[in-house]
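For the sequence shown, my numbering begins at 2 and goes up steadily by one. Each residue gets a CB set at the ideal place from its N, CA and C atoms; glycine is no exception. The model shown is predicted, which means the values in this text are computed figures rather than measured ones.
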Amino acid sequence: MLGKLFRHEFRANGRIFLALYAAFIGITLINKLFWVIETSNVITEIFRGFITVLYVVSIVAIAVLTFILIVYRFYNNLLKDEGYLSFTLPVKTSQHIIAKLLVSFIFVVFSVIIIVASLFIMGVGAGLVAKIAEFLEQVRLIFTLYSGSLRFVAEAAVLCIVAVVYLILMLYASLSVGQLFMKHKLGGAVLGFVGLYVISQIISSVLMAILFFGNEKYMEIARYGDAATPYMVLDMLNVIFLVVIIFQIVLSVAYYLVTNLILSKKLNLE
Numbered sequence: 002m003l004g005k006l007f008r009h010e011f012r013a014n015g016r017i018f019l020a021l022y023a024a025f026i027g028i029t030l031i032n033k034l035f036w037v038i039e040t041s042n043v044i045t046e047i048f049r050g051f052i053t054v055l056y057v058v059s060i061v062a063i064a065v066l067t068f069i070l071i072v073y074r075f076y077n078n079l080l081k082d083e084g085y086l087s088f089t090l091p092v093k094t095s096q097h098i099i100a101k102l103l104v105s106f107i108f109v110v111f112s113v114i115i116i117v118a119s120l121f122i123m124g125v126g127a128g129l130v131a132k133i134a135e136f137l138e139q140v141r142l143i144f145t146l147y148s149g150s151l152r153f154v155a156e157a158a159v160l161c162i163v164a165v166v167y168l169i170l171m172l173y174a175s176l177s178v179g180q181l182f183m184k185h186k187l188g189g190a191v192l193g194f195v196g197l198y199v200i201s202q203i204i205s206s207v208l209m210a211i212l213f214f215g216n217e218k219y220m221e222i223a224r225y226g227d228a229a230t231p232y233m234v235l236d237m238l239n240v241i242f243l244v245v246i247i248f249q250i251v252l253s254v255a256y257y258l259v260t261n262l263i264l265s266k267k268l269n270l271e
């Protein structure tokens, strides 16, 4: 049944995201066309400036709308009228959450890929390929000289994945907390998000303070500042990334449990 939920959720989201991505790719190609055209025509320059601004705005819009649509889909499908139908299906509440989480994660990845591909299209012909090759060569040298660099890349990749899951579950938990309010549920969800964010920041700040002030090695790096070697910095980042990953996994589990508990035991549909 989880597979059916996943497919339904993917199709429902896909229709919206497909239109969004198509519009963004169209803006990217038009913007690229105007930058390829070599002319001093005033009208062309005006349109070039306009489409460039539109392109930059559309990049921000893709990032923001991705999470707005994630919130909308969860809220509309589980916490409003559609929730009556959703929760009559022979599936567990946890399966609803997991299906939406997986689909949301996939479309966040798609959005990142679309944005990166768009930036690559805009950069082709402007020395981007040469710059990428130079960057990859520098990365290769770092891997050759420093054994901890592989761990750094692996932890950075894991952190990106965990951070996306963490944010999505935090949004789900906030929306669920909003259901505990008799009125102004969306307002309650906003307050819930702010509260969860503040609490998580306080805890992470305390953890970082303990990590830094309790370690003479990291205090030494802070004293050196720009004089600290890349290896010293990478060593420190490896530890920080690991701590953040564990911290976000723990909170993600907590957000999932809160969401599941509220939707299972204390759901108050509009």
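Measure the beta-carbon distance from Ile52 to Ile31 and round it to whole angstroms, keeping in mind my assumption that it falls under 8 Å. 6 Å
With three or more beta-carbon pairs closer than 8 Å as the criterion, would you say the segment 22-38 touches the segment 109-120? yes
The alpha helix (DSSP H) spanning Ser201 covers which residue range? Lys186 to Phe214
Which residue marks the beginning of the alpha helix (DSSP H) containing Met171, and which one marks its end? Ser150 to Gly179
Enclosing alpha helix (DSSP H) for Val43 [first to last residue]: Val43 to Leu79
First and last residue of the alpha helix (DSSP H) that includes Val104? Thr94 to Gly124
Taking DSSP as the reference, what is the three-state secondary structure of Glu10? helix
Go ahead and pull the three-state DSSP assignment for Met2. coil
C-alpha distance - Phe121 paired with Ala174, whole-angstrom precision: 36 Å
Below 8 Å, can you find three or more Cβ-Cβ pairs linking the segment 181-199 to the segment 83-96? no
By a C-beta neighbour count over all protein chains shown, 10 Å radius and 16 as the cutoff for buried, is Gln202 buried or exposed? exposed
Sequence-distant residues of the same chain with beta carbon closer than 6 Å to Arg152, five excluded per side: Asn239
Tell me whether Met237 sits in a helix, a strand or coil according to DSSP, three-state version. helix
Quick one: is Val58 buried, meaning 16 or more other Cβ sit within 10 Å of its Cβ, or exposed? exposed
Among Leu86, Ile107, Val245 and Gln249, which has the Cα closest to the Cα of Arg12? Ile107
Return the CA-CA distance between Ala62 and Phe214, expressed in angstroms with no decimal places. 40 Å
Simplified DSSP state of Glu39, which is helix, strand or coil: coil
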